[in-house]
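Protein chains in written order, with this note's numbering: chain Z, 99 to 211; chain R, 964 to 1079.
See below:
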């Protein structure tokens, strides 16, 4: 089963608007990361938030984390057509000697010019 | 190299044939990961290598799948007797150490496998 589940599955907005994507997860995490994927190829790391952090900013990106609700949100402000891509959250599970980064199915964001 | 390099970028093979997919991680990265992504889906964890430790193979879907990492650098993912359900993009990634410590994981562009 998926550890991370993004919501919505697809989002279409106009250029200049803000885009908000949500991610829910099931088990305790060490950190949560957001990635972007263009055209089904390689993923690009956007931002990492640790379990003891509540909010993080990077340029036009704002990520929040609520560990009590096991959820995170990614906000892209002043969106551009170039932001069109799939966005995935990924959780790093706590404990154990091996590491596993578990991805959700992603949100497909379309920014219309 | 500058980034994670994967080859081939595209592979079409006949059902029942074996395929090998190669990953060249970023120089100096001790951690290497393989993921699989089917069309329109999220990434499915396959296997993880960290230094000289025993790899975490818990994500390999069947015994037709195997992977090795020679000399702590290049990795090869082998799929034997390919089936149509093996068609997917196979993504390799590397990082300096365990990702949960906060190190960024860098992905390659993937190898798109089509089994006909």
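C-beta: ideal position from N, C-alpha, C; glycine also.
If you're wondering where the values come from, they're calculated on a predicted model, not measured in any experiment.
What are the boundary residues of the beta strand (DSSP E) that includes residue i?
i, result
"residue 102/Z", "102-105"
"residue 145/Z", "141-148"
"residue 154/Z", "153-156"
"residue 115/Z", "Counting along the chain, residue 115/Z falls outside any beta strand (DSSP E), and DSSP gives it neither H nor E."
"residue 164/Z", "159-164"
"residue 206/Z", "205-210"
"residue 1051/R", "1051-1058"
"residue 174/Z", "169-174"
"residue 995/R", "994-1000"
"residue 1013/R", "1006-1013"
"residue 200/Z", "199-201"
Based on the DSSP output, what are the partners of residue i in its beta bridges?
i, result
"residue 1043/R", "Partner(s): none; residue 1043/R has no beta bridge."
"residue 129/Z", "148/Z and 190/Z"
"residue 974/R", "1076/R"
"residue 969/R", "986/R"
"residue 184/Z", "135/Z and 206/Z"
"residue 1019/R", "1011/R"
Could you give the distance in angstroms between the alpha-carbon of residue i and the alpha-carbon of residue j?
i, j, result
"residue 1077/R", "residue 972/R", "11 Å"
"residue 1028/R", "residue 189/Z", "24 Å"
"residue 1034/R", "residue 1001/R", "30 Å"
"residue 1043/R", "residue 977/R", "11 Å"
"residue 985/R", "residue 996/R", "12 Å"
"residue 118/Z", "residue 173/Z", "4 Å"
"residue 187/Z", "residue 975/R", "30 Å"
"residue 151/Z", "residue 981/R", "46 Å"
"residue 120/Z", "residue 1059/R", "28 Å"
"residue 1050/R", "residue 1075/R", "8 Å"
"residue 99/Z", "residue 114/Z", "Bear in mind that a pLDDT of 40 at residue 99/Z, under 50, signals an unreliable position, so the number given afterwards is only what the model happens to contain. The alpha-carbon atoms of residue 99/Z and residue 114/Z are separated by roughly 35 Å."
"residue 131/Z", "residue 108/Z", "19 Å"
"residue 195/Z", "residue 155/Z", "With a pLDDT of 45 at residue 195/Z, under the threshold of 50, the modelled position of this residue cannot be trusted, and the question is left open."
"residue 998/R", "residue 1009/R", "5 Å"
"residue 1018/R", "residue 209/Z", "40 Å"
"residue 159/Z", "residue 116/Z", "10 Å"
"residue 1055/R", "residue 1071/R", "6 Å"
"residue 970/R", "residue 166/Z", "42 Å"
"residue 966/R", "residue 1073/R", "12 Å"
"residue 1007/R", "residue 203/Z", "10 Å"
"residue 137/Z", "residue 178/Z", "17 Å"
At the 8 Å Cβ level, is residue i part of the contact set with chain A, yes or no?
i, result
"residue 139/Z", "Annotation note: the requested chain A is absent from the structure, which comprises protein chains Z and R."
For this session: Using a Cβ-Cβ cut-off of less than 9 Å, list which residues of the segment 982-1016 of chain R approach chain Z; keep chain order.
Result: Contact annotation: in the segment 982-1016 of chain R, residues whose CB is within less than 9 Å of a CB in chain Z are 994, 996, 998, 1000, 1002, 1003, 1004, 1005, 1006, 1007, 1008, 1011, 1013 and 1016.
Problem set entry | Within 8 Å of chain R by C-beta, residues of the segment 155-177 of chain Z in sequence order | Those residues of the segment 155-177 of chain Z placed with their C-beta closer than 8 Å to a C-beta in chain R do not exist.
Problem set entry | Interface residues of the segment 1038-1051 of chain R facing chain Z [CB-CB below 8 Å] | From the segment 1038-1051 of chain R, no residue has a Cβ closer than 8 Å to chain Z.
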